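A.B. asks: I have a structure I would like to understand better, so I am pasting it below and will then ask my questions one at a time.
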Amino acid sequence: MADQIPLYPVRSAVVAAVAANRKRAAYYSAAGSGPGGERHNRLLPVMPEVGTIGVLAWERGLALTWSILSIPGAGPSDPTLAGSCCDWLINICRKKKELKARTVWLGCPEKCEEQYPKNSIKNQKYNIFTFIPGVLYEQFKFFLNLYFLVVSCSQFVPALKIGYLYTYWAPLGFVLAVTMIREAVDEFRRFQRDKEMNSQLYSKLTIRGKVQVKSSDIQVGDLIIVEKNQRIPSDMVFLRTSEKTGSCFIRTDQLDGETDWKLKVAVSCTQRLPALGDLFSISAYVYAQKPQLDIHGFEGTFTREDSDPPIHESLSIENTLWASTVVASGTVIGVVIYTGKETRSVMNTSNPKNKVGLLDLELNQLTKALFLALVALSIVMVTLQGFVGPWYRNLFRFLLLFSYIIPISLRVNLDMGKAAYGWMIMKDEHIPGTVVRTSTIPEELGRLVYLLTDKTGTLTQNEMIFKRLHLGTVSYGTDTMDEIQNHIINSYSQMFAQASGNGTSSTPSRKSQSSTPKVRKSVSSRIHEAVKAIALCHNVTPVYESRAGVTSETEYAEVDQDFSDENRTYQASSPDEVALVQWTESVGLTLVNRDLTSMQLKTPGGQILTYSILQIFPFTSESKRMGIIVRDESTTEITFYMKGADVAMSSIVQYNDWLEEECGNMAREGLRTLVVAKKSLTEEQYQDFENRYSQAKLSIHDRTLKVAAVVESVEREMELLCLTGVEDQLQADVRPALEMLRNAGIKIWMLTGDKLETATCIAKSSHLVSRTQDIHIFRPVTNRGEAHLELNAFRRKHDCALVIAGDSLEVCLKYYEHELVELACQCPAVVCCRCSPTQKAHIVKLLQQHTGKRTCAIGDGGNDVSMIQAADCGIGIEGKEGKQASLAADFSITQFKHIGRLLMVHGRNSYKRSAALGQFVMHRGLIISTMQAVFSSVFYFASVPLYQGFLMVGYATIYTMFPVFSLVLDQDVKPEMALLYPELYKDLTKGRSLSFKTFLIWVLISIYQGGILMYGALVLFESEFVHVVAISFTALILTELLMVALTIRTWHWLMVVAEFLSLGCYVASLAFLNEYFGIGRVSFGAFLDVAFITTVTFLWKVSAITVVSCLPLYILKYLKRKLSPPSYSKLTS
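Residue 558 in the working numbering sits at position 251 of the sequence shown; the count goes up by one each step and never skips.
The following block contains the structure:
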């Protein structure tokens, strides 16, 4: 029956498809969905040929048609079929493909029911067609540039033509060319990086053997072989490994930012197969949940159909290999379940946005204000003219005449300025290795209010060191570890002496001791028990690097015989555990071998102790503890060891009076504490436990609760052995750097994926939270009511740091977003722990929306990329966690301490200089427009230009460009002062250097100077009126040069050179370009005679006008400095 169902390709009519859907729905309700019937139900739609453009179309949403027209697998969840044409059309229009659970047959990509995305990485912003429109849109969405485009185009209309075309098109073309070249270079680099990743070769298993396949050509259902140290190309389920333990390690630093290795376990059904080729001789499939963001969770099942009965295995996170992780040991074979943009790593990265600085937005607002002024001025002119003749044409001509109010050179100057700041940052020898990757936002560094930082690898070095062992009555620090070593050597030598003396393997003395725990144990035996517990209770695996020239086969053999110390390294999912095991090795008890069922320790005397692992209870963020049940092979004793956070363990261990106090003491020292305990079990107790435990693990409903209940039944009255303290070392100079940022008024939030205790610990030790401050730990909440109560409890506290976990944060944001952000913003410091990469980015966006202040994110791992891209300014650190963060960031530094200088010195200078530069360039345009207005009003409101085309271009470029641009070398405070008094930074965040107030002051200055220059020229030169252009223009240039000198706060030799260079250029052009200095066109016959320029009258009159226009401003500036000096001048005097 199944074979008779017609299958329609996408091209077929929608109506037919709907009819078929109804038939199909009826068919499915009739057909059962057991494992046997499942196989026949999977019919494959006829696929149209998909070319490369086709693939893009699939990604856009054509694939939707498949998701509706194809037959869903009768797996555990059947998606409902879209019933009507409307739904279908709406879905097509939305172009958002619905993500679904899937059934993947091993090695049979052609059996997939849907078209899945192509497995290629794409970080580019544009493609070949969208590049030019995209860049032009980014440029012309600025009012300034759009305005110039309109003005330039108007010059093609003869009636409106005022000057030469080049006077308008040259500056605009220059701005666009510079931008396009810069974007094209960036885009090409991104393209090359993507291409390199997409063309990496992998081995794919087929029936005919291995074939090489590009990363971008991998499909869902392929069996891929990944070698050691190779990147995993897509999300896979782990089927086989070359390691005989059936497990392997992977490095996940580019996914979740944790540098420790993760242990992954192969599906046991496929791992047991004798040879690789047998993967094709079995009939098996993987059912996987729909693609999700959560990188720490996965649910699926593995089913082998051709065995009797069918084998079902549940799959969890430890059976998966996510894309962007790296295989650290052995070779792995996996079946691909998610590709391309459905992989966890891609779903957790957000699209980079084009960042625009706050200063650019403020200048954009000011140019709109100038535009309104321009329109108003033109209307006034036409009104005074009396609307004579074709007034609308005159209006437009006036608009063009005064168009210099808004200077095109503003963009050119600012862009060149930004490039100069970037160059200065990279050349600063105090912060070596700093790279500026986004050259458009250096001013943002001077305006930051919130700094969001990652913890691991950013504030800390992620290197753990064992510092303290506390036994209740006695405590050992780093200086007394040799005593522990002596105790261990003695106790083991006594043990083995007794054993050989009795001639038996068991030790009667220890037996009697364990049966009567009331006897007070000696310090030596307590140390021995504690060290043994630490050496056994963990998830650490020793890895032996093969020596050069030794093949892997002999490597295994070698490991079995001697466990040489030189090439042993430890791997675990947490660096704390490695530190503990390394410490037991240093005191004489060494972990030498471990697989899934046993582990071996080496005593100081060289004997090997073997323990079989009966059960392991892994660490989870809920339980905050991990346990292990082992059997000593020599004595057959069964012991349950457990270690965990003091909060979790205090209720489990027997009563004592010292644990809580000592944990507090260690935490205040910035140590991460773990409580270690043990319990001896009899064989009967253990068998009873194992039966209940295996039953609980097979239950379908509330599995986790039932398992936890069984484990808790054993976790009672455990014997407390010891308390350990481990230190995570901070990066160099983190404390002074954080202190400086706090004094600068920057609020620091720490967003980390780490545990709550660890995060709190580091917040204290790095002085993110000062000694005197209270810490409010936000209790875990799951619903609206709990969140409400907890927020109220938090509201009652004042001036305390907040520590909140990711899942509680999620709940609060769902119901009380505004209240939570408002309260958190009042805190001096906030710590968010257990944050996923997308949550980090979400917090950044929330701060931007609610406060409107500038944010900066700093991190060093692949998990910080989303946050770095979402922030107004992203800083990446080139750390141990790879380069991914530093490549995605706007600025890349080598150490956290460099951030102080980057913000206090470079951020300050960039913002102050750009503000001065922007306003000066506007002043330059305003002053000439004022002169034009005066000139027109004197000449009966004629719309005639005062200065000819070349003079106008020369004015904005060669005559005044160098001095004005030399403002980028100006500084108000020496770098040493800026670092010594970070409080100066607070002023910058208020944005007072560029505001409507400062802008209005510049407007008034421009109107005053423009008026004086023009009226002065008209009054003083009544007799030689033909020379008015030469006189007013000379006075204008001198005024501009003097105004630059007035604005500068700290002189630099290049500034002096620029001033004299410009003056020289002007004097030379007076001599050579004399035909331009007449009034109006050359046809007026007013040639400039050199004789006139050299007369004394010309010189004194020009000097007089210039003095009148500039002297009052100099006097005002002097008085202002005396009466209300700015904050920084108080420090420099």
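C-beta: ideal position from N, C-alpha, C; glycine also. Nothing here was measured: the structure is a model prediction, and the numbers come from that model.
(1) Using 10 angstroms around the beta-carbon of Phe436, count the other beta-carbons present and answer buried if the total reaches 16, otherwise exposed.
(2) Would you mind listing the alpha helix (DSSP H) stretches within the stretch 947–1026 that are 4+ residues and don't spill past its ends, in chain order?
(3) In whole angstroms, what separates the C-alpha of Leu451 from that of Lys1408?
(4) Should Leu1430 go down as buried or exposed, given a rule of 16 or more other Cβ atoms within 10 Å for buried?
(5) Using a Cβ distance threshold of 8 Å, determine whether the stretch 1160–1167 contacts the stretch 689–701, with at least three qualifying pairs required.
(6) Using a Cβ-Cβ cut-off of 7 Å (strictly less than) and excluding sequence neighbours within five positions of Ser636, which residues of its own chain qualify?
(7) With a 10 Å radius around its C-beta and 16 neighbouring C-beta atoms as the bar for buried, classify Cys460 as buried or exposed.
(8) Considering only the alpha carbon of each residue, which of Met1362, His603, Ile589, Leu1423 lies closest to Ile1308?
(9) Would you mind giving the Cβ-Cβ distance between Thr1354 and Phe1227, rounded to the nearest angstrom? I have them listed as a contact below 8 Å.
(10) Sorted by chain position, which residues of the same chain lie with C-beta nearer than 6 Å to Ile772's C-beta, five sequence neighbours on each side aside?
(11) Could you check whether the stretch 1002–1013 touches the stretch 943–958, counting it as contact only if at least three pairs of C-beta atoms, one from each stretch, sit closer than 8 Å?
(12) Which first and last residues belong to the beta strand (DSSP E) in which Lys1427 is found?
(13) Ignoring anything shorter than 3 residues or poking outside the stretch 500–539, list the beta strand (DSSP E) runs there in chain order.
(14) Excluding five sequence neighbours on each side, which residues of the same chain lie with their C-beta closer than 6 Å to the C-beta of Gln907?
(15) For the alpha helix (DSSP H) that contains Phe703, what are its first and last residues?
(16) Can Lys1219 and Leu1295 be called in contact, C-beta distance under 9 Å?
(17) Confirm, please, whether the CB-CB distance from Glu884 to Val847 is below 9 Å.
(18) How many Å lie between Ala1352 and Lys734 at the Cα?
(19) Drop a sphere of 10 angstroms on the beta-carbon of Ala364, count the other beta-carbons inside from all chains shown, and report buried for 16 or more, exposed for fewer.
(20) May I ask you to verify whether the stretch 595–606 touches the stretch 490–498, counting CB pairs closer than 8 Å and requiring at least 3?
(21) Gln1146 lies in the alpha helix (DSSP H); which residues open and close that run?
(22) If I measure Cβ to Cβ from Thr486 and keep anything under 7 Å in the same chain, skipping five residues before and after, which residues do I get?
(23) Consult DSSP for Arg1141 and reduce its assignment to one of helix, strand or coil.
(24) Ser1273: which of Asp1279, Arg1215, Gly1371, His1359 sits nearest, CA to CA?
(25) By how many angstroms is the C-alpha of Met1350 removed from the C-alpha of Ala1444?
(26) If we require 3 or more residues per run, which beta strand (DSSP E) segments fall completely within the stretch 1095–1140?
(27) What number of angstroms, rounded off, separates the C-alpha of Arg1428 from the C-alpha of Tyr1435?
(28) Is Ile469 helix, strand or coil when you go by DSSP?
(29) Please state if the CB of Thr904 and the CB of Ile920 are separated by a distance shorter than 9 Å.
(30) Can you give the Cα-Cα distance for Lys1204 and Leu1210, rounded to whole angstroms?
(31) Using 9 Å as the threshold, is the C-beta distance between Ile532 and Ser510 below it?
(32) I believe Ile1206 touches Ser1193 by the beta-carbon criterion, under 8 Å. Please report the beta-carbon distance rounded to the nearest angstrom.
(33) Return helix, strand or coil for Cys576, following the three-state DSSP convention.
(34) Taking just the CA atoms, how far does Arg744 sit from Glu940?
(35) Please work out which residues of its chain come closer than 6 Å, Cβ to Cβ, to Lys1293, disregarding the five sequence neighbours upstream and downstream, and give them in chain order.
(36) Does the stretch 1107–1119 come close enough to the stretch 1138–1147 that 3 or more CB-CB pairs lie under 8 Å?
C.D. replies: Once the coordinates are examined:
(1) Reading the sequence shown from its first residue, position 129 is the one you call residue 436. Per the 10 Å Cβ criterion, exposed.
(2) 953–956, 966–975, 990–1005, 1010–1021
(3) Start at 1 with the first residue of the sequence shown, and residue 451 comes out as number 144. Start at 1 with the first residue of the sequence shown, and residue 1408 comes out as number 1101. Computed Cα separation, rounded: 37 Å.
(4) Position 1123 of the sequence shown, counting from 1, holds the residue named residue 1430. Counting Cβ neighbours within 10 Å, Leu1430 comes out exposed, since fewer than 16 surround it.
(5) no
(6) One-based indexing of the sequence shown puts residue 636 at position 329. Within the same chain, Ser636 has close Cβ partners Lys535, Glu550, Cys555, Phe556, Val850.
(7) Taking the sequence shown and counting its residues from 1, the one referred to as residue 460 is at position 153. Exposed, by the Cβ-count rule.
(8) In the sequence shown, the residue the question calls residue 1308 occupies position 1001. Among Met1362, His603, Ile589, Leu1423, the Cα nearest to that of Ile1308 is on Leu1423.
(9) As a first step, residue 1354 must be located in the sequence shown, where it is residue number 1047. As a first step, residue 1227 must be located in the sequence shown, where it is residue number 920. About 6 Å separates the two Cβ atoms, so the contact holds.
(10) Here residue 772 refers to the residue found at position 465 when the sequence shown is read from its first residue. So the list reads Glu1034, once near-sequence residues are dropped.
(11) no
(12) Here residue 1427 corresponds to residue number 1120 of the sequence shown, with the count starting at 1. Where Lys1427 is concerned, there is no enclosing beta strand (DSSP E), although the alpha helix (DSSP H) it sits in stretches over 1403–1430.
(13) 508–513, 516–521, 530–533
(14) The residue you call residue 907 lines up with position 600 of the sequence shown. The answer, listed in chain order, is Val899, Asn900, Ile915, Thr917.
(15) For the purposes of this step, residue 703 is identified with residue 396 of the sequence shown, where counting begins at 1. Where Phe703 is concerned, the enclosing alpha helix (DSSP H) stretches over 698–708.
(16) Here residue 1219 refers to the residue found at position 912 of the sequence shown. Here residue 1295 refers to the residue found at position 988 of the sequence shown. Yes, Cβ-Cβ distance for Lys1219 and Leu1295 is below 9 Å.
(17) Walking along the sequence shown from the start, residue 847 turns up at place 540. Walking along the sequence shown from the start, residue 884 turns up at place 577. Yes, the Cβ-Cβ distance between Val847 and Glu884 is below 9 Å.
(18) As a position in the sequence shown, residue 1352 is number 1045, starting the count at 1. As a position in the sequence shown, residue 734 is number 427, starting the count at 1. Rounded to the nearest angstrom, the two C-alpha atoms are 27 Å apart.
(19) Within the sequence shown, the letter at position 57 stands for residue 364. With a pLDDT of only 36 at Ala364, under 50, the local geometry of the prediction cannot be trusted, and the value read off the model is given with reservation. Classification for Ala364: exposed.
(20) no
(21) Translated into the one-based positions of the sequence shown, residue 1146 becomes position 839. Its alpha helix (DSSP H) spans residues 1144–1158.
(22) On the sequence shown, residue 486 is found 179 positions in, with the first residue counted as 1. The answer, listed in chain order, is Val442, Gln446.
(23) As a working mapping, residue 1141 is identified with position 834 in the sequence shown. If DSSP states are grouped into helix, strand and coil, Arg1141 belongs with coil.
(24) Residue 1273 sits at position 966 when you count from the first residue of the sequence shown. Of the listed residues, the one whose Cα sits closest to Ser1273 is His1359.
(25) In the structure displayed, the chain extends from 308 to 1440; residue 1444 sits before or after that span and is not available.
(26) 1107–1112, 1136–1140
(27) Here residue 1428 corresponds to residue number 1121 of the sequence shown, with the count starting at 1. Here residue 1435 corresponds to residue number 1128 of the sequence shown, with the count starting at 1. Distance between the alpha carbons of Arg1428 and Tyr1435 is about 11 Å.
(28) As a first step, residue 469 is located in the sequence shown; it is residue number 162 there, counting from the start. Here Ile469 sits in coil by DSSP.
(29) Counted from its first residue, the sequence shown places residue 920 at position 613. Counted from its first residue, the sequence shown places residue 904 at position 597. Yes, these two residues count as a Cβ contact at 9 Å.
(30) Residue numbering aside, residue 1204 sits at position 897 when the sequence shown is read from its first letter. Residue numbering aside, residue 1210 sits at position 903 when the sequence shown is read from its first letter. Rounded to the nearest angstrom, the two C-alpha atoms are 11 Å apart.
(31) Here residue 532 refers to the residue found at position 225 of the sequence shown. Here residue 510 refers to the residue found at position 203 of the sequence shown. Their beta carbons are under 9 Å apart, which means Ile532 touches Ser510 by this criterion.
(32) Indexing the sequence shown from 1 puts residue 1206 at position 899. Indexing the sequence shown from 1 puts residue 1193 at position 886. Wrong, their Cβ atoms sit about 13 Å apart, outside the cutoff.
(33) The sequence position of residue 576 within the sequence shown is 269, counting from 1. In the structure shown, Cys576 sits in a helix (DSSP, three-state: H, G or I).
(34) Numbered from 1 along the sequence shown, position 633 holds the residue referred to as residue 940. Numbered from 1 along the sequence shown, position 437 holds the residue referred to as residue 744. Cα to Cα, the separation comes out at about 59 Å.
(35) If you number the sequence shown from 1, residue 1293 lands on position 986. So the list reads Gly1052, once near-sequence residues are dropped.
(36) yes
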